[in-house]
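Q: First residue of the sequence shown? That's 674 in my numbering, and the numbers climb one at a time after it.
Beta carbons: idealized from backbone N, C-alpha and C, even for Gly.
The structure that follows is given in the form of structure tokens.
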Amino acid sequence: MTRLTYLRPDVAFEPLVCRWYAWPLLVAPATLGLIARNRLLPLLESFVDDPQLHRASVRDPALRGGLFVDHDGDPAQAELLLDQMHDELERPLALADAVMLANELLQREGDGSSLEPLYERVPRSLRGLVELGYDLNNHASLRLIEPLLYASEFYRPALQSVLLRRIGEAPRPFILTTPLIDPQAGVLIEAPFECTLYDDLARLREHGADPASFDALCSQVGAHGGDPGRLAELFTDVPPASRHVPAAAGSMRVRYFGHASLLLESKTTAILTDPSIGYETGTGIDRFSFADLPPRIDYVLLTHNHQDHVLFETLLQLRHKIGSIVVPRSNGGFVQDPSLRLTLEAIGFRSVIELDELQTLEVAGGAITGLPFLGEHCDLHIRSKLGYQIQLDGHAAMCLADSNNLEPALYTRLAALLPQPDLVFIGMECAGGPMSWLYGDLLPRRLPHDHDQSRRLTGSDFERARRIVDLLKPRGVLVYAMGAEPWFTHITTIVYTDESMPIVESNKLVAHCQRQGMVAERLYGKREIVVTRDDVSLR
């Protein structure tokens, strides 16, 4: 009998852009250049200048999530990476500079008169890639023609790579501040994300390779700069144990995989929200993992374009089994709101569906409806954010992600239009960072400190979440998207205590809902919720 080789369950796929952990704003051409210019390069230069300051700061809990590089190795490696970044990012940086110059031109001379004469003064590299216009308040702005940017010299898929390595339960470095400085930390495959080699590797979690197929795979890895000799440590001849069991007819089963990742299933349809799948390390808290997923995921739903909700690390590993990805529509060409559809199509996803607010997508045995999503984006005009109402086999779940209930009248109107949900999932990370933490690198000029601190990445607190629940009257309320799982700290840096505001506020909501006779819990690690006509049960 032929011996098969399988990918180990603790092998991570770490996606990289110029050796920094990839998230959507590092793939979109304009935002990559701005973030590199204003954060990544200065941060790495600071580390090279004073590595001890960074090392001491990383160890200080009070500075968690701050602008410090977490690297204990040779600083000379960081200097090499810095030189490499200056070379490889030449075009994205030129695009960023051109966008800033065009914006300055508009702010200086967009006085309400025609903008037509300014087209010939736009930086030459931007010509044919932008439109100039006013809003109704006579503020001039720049609109990028994003599809042309992806077809231009400014989109650089050659900067993309994936590091394969086995991981344990130890925290990984924070993705927004620490690049891969040591390329020998694993097997580094220097191929664009759209490369089907990643699909072939991901399939080996479930379907083993015979010796000839494995040798061919090693050759492909070698052709893309990886060390085939190190691949053996990432594989095993022990077959994986598939733990997925189909949902019972007439029910809707929801499995919580951590953070905002929910697998909603009926007998015929599987829907996964904001995928972030933990690895099986053999230690740590119990969890669902890749072995608990169905053979096919009909729809993946992405709620918004933040790094903790669009994880290429998981999406690339699932691409081969995803039917379609559903995403919110963007504003179309504004720097702070790049198109998720274009980003995903550029990295190899072939069926991406844009959904609008209160637009419904019919699915087998049910429907997916986009819901307005207020807040958590620092008062920026960002349209690419949706909650979802998911109906399967006559049952409904409302997944609100980090929606902040800034205006309760919104949910009064939604309650009048939509079927009453059986379940409401809501995030309560109500102590989020200031605007500069995530969006500061995109700004033409720094905000005053008090303005920055007032505009935060904040979800609903108890009072705001309570109003949603009291209006919608579901049978079950589940607090999720808290970033608390230990395998997620490299994405959010969140470490809670019993006194942390999100814990205190979510405890209040759970207690309130339980007093009203609802099933209620703050989710953590692993949970299964089954909805039938007569019951909502937690398992």
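Over the uninterrupted alpha helix (DSSP H) stretch that includes isoleucine 1020, give me the two end residues.
A: Within the sequence shown, the letter at position 347 stands for residue 1020. From DSSP, isoleucine 1020 is part of no alpha helix (DSSP H); its letter is neither H nor E.
Q: May I have the straight-line CA-CA distance separating proline 968 from glycine 996, to the nearest angstrom?
A: The sequence position of residue 968 within the sequence shown is 295, counting from 1. The sequence position of residue 996 within the sequence shown is 323, counting from 1. Using only the alpha carbons, I get a separation of about 11 Å.
Q: According to DSSP, which residues form a beta bridge with lysine 1058?
A: In the sequence shown, residue 1058 corresponds to position 385, counting from 1. DSSP lists His977 as partners of lysine 1058.
Q: Would arginine 1188 be called buried (16 or more neighbouring beta carbons within 10 Å of its own) or exposed?
A: In the sequence shown, counting from the first residue as 1, residue 1188 sits at position 515. Classification of arginine 1188: exposed, given that the 10 Å Cβ count is below 16.
Q: Does the pairing of the region 1155 to 1174 with the region 1024 to 1035 give three or more beta-carbon distances under 8 Å?
A: no
Q: Can you have a look at serine 786 and say buried or exposed, based on whether 16 or more other CB atoms are within 10 angstroms of its CB?
A: Mapped onto the sequence shown, residue 786 falls at position 113. Exposed, since its Cβ has fewer than 16 Cβ neighbours within 10 Å.
Q: Taking all protein chains shown into account, do 16 or more other C-beta atoms lie within 10 angstroms of the C-beta of asparagine 810, making it buried, or fewer, making it exposed?
A: On the sequence shown, position 137 is the one that residue 810 refers to. By the 10 Å Cβ count, asparagine 810 comes out exposed.
Q: Go to tyrosine 1112, then tell me how far its alpha helix (DSSP H) extends in each direction, as first and last residue.
A: The residue given as residue 1112 occupies position 439 in the sequence shown. Judged by DSSP secondary structure, tyrosine 1112 falls within the alpha helix (DSSP H) whose first and last residues are 1108 to 1112.
Q: Relative to the alpha-carbon of valine 860, which residue among Leu815, Glu687 and Val973 has its alpha-carbon at the smallest distance?
A: On the sequence shown, residue 860 is found 187 positions in, with the first residue counted as 1. The candidate whose alpha carbon is nearest that of valine 860 is Glu687.
Q: Looking at threonine 678 and phenylalanine 908, is the spacing between their C-beta atoms short of 7 Å?
A: Along the sequence shown, read from residue 1 onward, the residue named residue 908 stands at position 235. Along the sequence shown, read from residue 1 onward, the residue named residue 678 stands at position 5. Against a cut-off of 7 Å, the Cβ pair of threonine 678 and phenylalanine 908 comes out as a contact.
Q: Quick check: the Cα distance between glycine 931 and leucine 1096, rounded to an integer number of angstroms?
A: Taking the sequence shown and counting its residues from 1, the one referred to as residue 931 is at position 258. Taking the sequence shown and counting its residues from 1, the one referred to as residue 1096 is at position 423. Taking the straight line from one Cα to the other gives about 17 Å.
Q: Which residue comes first and which comes last in the beta strand (DSSP E) that contains phenylalanine 985?
A: Numbered from 1 along the sequence shown, position 312 holds the residue referred to as residue 985. No beta strand (DSSP E) contains phenylalanine 985, which is instead part of the alpha helix (DSSP H) from 985 to 991.
Q: Would valine 721 pass as a contact of glutamate 752 if the rule is Cβ separation under 7 Å?
A: To locate residue 721, count along the sequence shown from 1; it is residue 48. To locate residue 752, count along the sequence shown from 1; it is residue 79. Yes.
Q: Counting C-beta neighbours from all protein chains within 10 Å, is the total for leucine 1151 16 or more, i.e. buried, or is it exposed?
A: Position 478 of the sequence shown, counted from the start, is the residue given in the question as residue 1151. So leucine 1151 ends up on the buried side.
Q: Confirm, please, whether the CB-CB distance from leucine 937 to proline 1001 is below 7 Å.
A: Stepping through the sequence shown from its first residue, residue 1001 is reached at position 328. Stepping through the sequence shown from its first residue, residue 937 is reached at position 264. No, the pair does not count as a contact, with Cβ atoms beyond the cut-off.
Q: At the level of alpha carbons, what is the spacing between serine 949 and threonine 987?
A: Working through the sequence shown from its first residue, we reach residue 949 at position 276. Working through the sequence shown from its first residue, we reach residue 987 at position 314. Those two C-alpha atoms are separated by around 6 Å.
Q: Would you report the Cα separation of arginine 797 and leucine 832, rounded to the nearest angstrom?
A: For the purposes of this step, residue 797 is taken as residue 124 along the sequence shown, with counting starting at 1. For the purposes of this step, residue 832 is taken as residue 159 along the sequence shown, with counting starting at 1. Their backbone Cα atoms lie some 24 Å apart in a straight line.
Q: Leucine 837 lies in the beta strand (DSSP E); which residues open and close that run?
A: Taking the first residue of the sequence shown as position 1, residue 837 is located at position 164. That run of the beta strand (DSSP E) goes 833 to 839.
Q: Work out the CA separation of tyrosine 871 and alanine 1193 for me, nearest whole Å.
A: If you number the sequence shown from 1, residue 1193 lands on position 520. If you number the sequence shown from 1, residue 871 lands on position 198. Alanine 1193 and tyrosine 871: Cα-Cα distance of roughly 39 Å.
Q: Would you please state the rounded distance, in angstroms, between the beta carbons of tyrosine 694 and isoleucine 848? I believe it to be under 8 Å.
A: As a working note, residue 694 is residue 21 in the sequence shown. As a working note, residue 848 is residue 175 in the sequence shown. Right, their Cβ atoms sit about 4 Å apart.
Q: Measuring alpha carbon to alpha carbon, tell me which residue in Gly1100, Pro697 and Val1203 is nearest glutamate 1178.
A: On the sequence shown, position 505 is the one that residue 1178 refers to. It is Gly1100.
Q: Beta-carbon separation of valine 1203 and serine 924 under 7 Å?
A: Here residue 1203 is taken as the residue at index 530 of the sequence shown, counted from 1. Here residue 924 is taken as the residue at index 251 of the sequence shown, counted from 1. Yes, Cβ-Cβ distance for valine 1203 and serine 924 is below 7 Å.
Q: Give a yes or no on whether the C-beta atoms belonging to glycine 1043 and leucine 1028 are separated by under 7 Å.
A: Residue mapping note: residue 1043 aligns to position 370 of the sequence shown, counting from 1. Residue mapping note: residue 1028 aligns to position 355 of the sequence shown, counting from 1. Yes; because the gap between Cβ atoms is below 7 Å, this pair is in contact.
Q: Please look up how many angstroms separate the CB atoms of leucine 788 and alanine 813, rounded, as I've assumed it's under 8 Å.
A: Start at 1 with the first residue of the sequence shown, and residue 788 comes out as number 115. Start at 1 with the first residue of the sequence shown, and residue 813 comes out as number 140. With a Cβ gap of about 6 Å, leucine 788 and alanine 813 count as contacting.
Q: When the distance is taken between beta carbons, is leucine 689 closer than 7 Å to leucine 799?
A: Taking the sequence shown and counting its residues from 1, the one referred to as residue 799 is at position 126. Taking the sequence shown and counting its residues from 1, the one referred to as residue 689 is at position 16. Their beta carbons are not under 7 Å apart, which means leucine 799 does not touch leucine 689 by this criterion.
Q: Would the beta-carbon of cysteine 1051 be found less than 6 Å away from any heavy atom of the ligand ATP?
A: Annotation note on the ligand ATP: not contained in the displayed structure, which lists no ligands.
Q: So who's on the other strand from cysteine 868, going by DSSP bridges?
A: Indexing the sequence shown from 1 puts residue 868 at position 195. According to DSSP, cysteine 868 bridges with nothing at all.
Q: Using only the alpha-carbon positions, how far apart do leucine 935 and threonine 675 sit?
A: Working through the sequence shown from its first residue, we reach residue 935 at position 262. Working through the sequence shown from its first residue, we reach residue 675 at position 2. Approximately 37 Å between the Cα atoms of the pair.
Q: Which residue spans inside the region 935 to 970 form an unbroken alpha helix (DSSP H) run of at least 4?
A: List check, alpha helix (DSSP H) in window: nothing returned.
Q: Between which residues of its own chain and alanine 920 is the CB-CB distance below 7 Å, once the five residues before and five after are set aside?
A: Start at 1 with the first residue of the sequence shown, and residue 920 comes out as number 247. Here the set comprises Arg926, Glu938, Ser939 and Lys940.
Q: Give the DSSP bridge partners of phenylalanine 1098, in chain order.
A: As a working note, residue 1098 is residue 425 in the sequence shown. Beta-bridge pairing links phenylalanine 1098 to Cys1072 and Leu1151.
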